[in-house]
Amino acid sequence: MSTIAFFGATGGCANACLALTLREGYNAVAMARTPSKLITQLLDQPGLTQEILDKHLRIQQGDATNIEDVMKTLILQSPNSTETSVNSNSNPKNFNFHMGETGSNSNIRLVSSIISGIGGTPTMTWTKPNPCEKMSMRIPTLPHIELNNPHITEESTTTLLKALRRIAEKFPSFEDYIAIAPRITVISGTGISSKNGMKDVPLLFRPMYSSLLPEPHADKNRMEKLFTEDLLMKNESVLVGGLIIVRPSFLTGDHKICAVGVDSGYDKLRVGTDENPSGGIGYLIARPLVGEWIFEEVVKGGGEKWVGQGVILTC
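Quick note on numbering: the working numbering labels position 203 of the sequence shown as 213, and the sequence is numbered without any gaps.
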């Protein structure tokens, strides 16, 4: 069975997708800076038990901006190991693949897909730094969201691309890497697309987006540019497994999915694309619904029909 890698797994959308992935019996590996926090969140999800986590989840403790931590998350089996690293909540067993080693090997097993919901922790604020360096007092401004790390998405994307490139270099040829390169799904947002600008945002919401979200949007925009630059490399792109950008409208709610048999409202979800945004233009969407769409279309469905697209989601 294939294994899905999750980054930003304690975030609402990604956590909901991870919970559904595990509940439906798929294998996953999730990076977490604090594994206990992730375990607590998952055990709070309807239908998940410690037994399910022990059977289907490996948690890789680490930092998404550390190349070796990211590589350990993506690699399921090292060249000298006959035992996979799935089904464990600790570090991979027999993981004797040294990240700095040279040479190539065709026995590396990778995750089949990567899902990333990494983003900074938002805080609403009504002030901004004073442009006068001699004055430390912040000055009043329109309400807007600031992030605890306004460059985390950009930095983690840079690290992911570097990690994939280093992994690709371990294969006898780039073609061997291409054959098993993981598909990548990232959670971005509306109002960011280089093709549409704010055409995927309802007219009434555009002033709010302009004043409220410039910092989060700037970080996501830098993420998308990094992926685009890699794709332009064509035969040298490490994104050969394909890239899917998910653009939810304004997010609401927490990470919790619905219990089995309870209507989540999934049939009311509307989907558009960067090429045809009209179908997905809306005001709000709950985080668990974004996670459910990624689970249904990417984890279960493989995501092939969405590769190379920006997918707009709303209710």
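Here a beta-carbon is modelled for each residue, glycine too, at the ideal position from N, C-alpha and C.
Rounded straight-line distance, which links the Cα of residue j to that of residue i
{"i": "isoleucine 149", "j": "proline 139", "result": "6 Å"}
{"i": "proline 237", "j": "isoleucine 77", "result": "Note on residue identity: the sequence assigns phenylalanine, not proline, to residue 237. Going by the C-alpha atoms only, they are around 17 Å apart."}
{"i": "serine 120", "j": "alanine 191", "result": "Note that residue 120 is leucine in the sequence shown, not serine. Going from the Cα of leucine 120 to the Cα of alanine 191 covers about 8 Å."}
{"i": "glutamate 239", "j": "serine 247", "result": "9 Å"}
{"i": "glycine 263", "j": "aspartate 73", "result": "26 Å"}
{"i": "asparagine 245", "j": "glycine 313", "result": "21 Å"}
{"i": "asparagine 25", "j": "asparagine 206", "result": "28 Å"}
{"i": "glycine 275", "j": "cysteine 325", "result": "9 Å"}
{"i": "cysteine 23", "j": "alanine 269", "result": "16 Å"}
{"i": "glutamine 60", "j": "methionine 243", "result": "43 Å"}
Assumed close pair residue i, residue j - CB separation to whole angstroms, cut-off 8 Å
{"i": "leucine 222", "j": "histidine 154", "result": "5 Å"}
{"i": "leucine 171", "j": "aspartate 229", "result": "Actually they do not touch by this definition, with Cβ atoms about 16 Å apart."}
{"i": "isoleucine 188", "j": "valine 250", "result": "5 Å"}
{"i": "arginine 176", "j": "methionine 81", "result": "7 Å"}
{"i": "serine 122", "j": "threonine 13", "result": "6 Å"}
Residue span of the beta strand (DSSP E) that contains residue i, given as start and end
{"i": "glutamine 87", "result": "85-87"}
{"i": "valine 281", "result": "280-283"}
{"i": "serine 166", "result": "Note, serine 166: premise wrong, no beta strand (DSSP E); alpha helix (DSSP H) at 162-178."}
{"i": "lysine 310", "result": "From DSSP, lysine 310 is part of no beta strand (DSSP E); its letter is neither H nor E."}
{"i": "proline 132", "result": "132-138"}
Close-in-space but distant-in-sequence residues of the same chain around residue i (CB under 7 Å, 5 per side omitted)
{"i": "threonine 283", "result": "Gln319, Gly320, Val321 and Ile322"}
{"i": "isoleucine 69", "result": "Ala40, Ala42, Pro45, Leu48 and Asn99"}
Exposure of residue i, with buried meaning 16 or more beta-carbon neighbours within 10 Å
{"i": "asparagine 231", "result": "buried"}
{"i": "valine 309", "result": "buried"}
{"i": "aspartate 210", "result": "buried"}
{"i": "glycine 289", "result": "exposed"}
{"i": "tyrosine 36", "result": "buried"}
{"i": "valine 272", "result": "exposed"}
{"i": "lysine 180", "result": "buried"}
{"i": "cysteine 142", "result": "exposed"}
{"i": "proline 258", "result": "buried"}
{"i": "threonine 83", "result": "buried"}
Contacts around residue i, its chain only, beta-carbon distance under 8 Å, and the 5 residues preceding and following it disregarded
{"i": "leucine 32", "result": "Ala38, Leu52, Leu58, Ile62, Leu63, His66 and Leu67"}
{"i": "glycine 129", "result": "Gly18, Gly21, Leu157, Ile162, Thr163, Ile197, Pro226, Asp229 and Lys230"}
Nonlocal neighbours in the same chain, by C-beta distance under 6 Å from residue i, ignoring five residues either side
{"i": "alanine 174", "result": "One detail in the question is off: residue 174 reads as leucine in this sequence, not alanine. Counting only Cβ-Cβ distances below 6 Å, and skipping sequence neighbours, we find Val248."}
{"i": "methionine 233", "result": "Thr163, Glu164 and Thr167"}
{"i": "threonine 135", "result": "Glu156"}
{"i": "leucine 241", "result": "Ser247 and Leu249"}
{"i": "valine 256", "result": "Ile197 and Val321"}
{"i": "histidine 108", "result": "Its pLDDT being 40, under 50, histidine 108 is placed unreliably in this model, and the value from its coordinates should be taken loosely. Contacts found: none."}
{"i": "threonine 131", "result": "Asn158"}
Range of the contiguous alpha helix (DSSP H) that encloses residue i
{"i": "phenylalanine 17", "result": "Careful: phenylalanine 17 lies outside any alpha helix (DSSP H), inside the beta strand (DSSP E) at 13-17."}
{"i": "threonine 50", "result": "45-53"}
{"i": "glycine 301", "result": "297-304"}
{"i": "alanine 228", "result": "224-241"}
{"i": "histidine 66", "result": "60-66"}
CB contact below 8 Å: residue i versus chain B
{"i": "glutamine 60", "result": "No chain B appears in the structure shown, which is made up of a single protein chain."}
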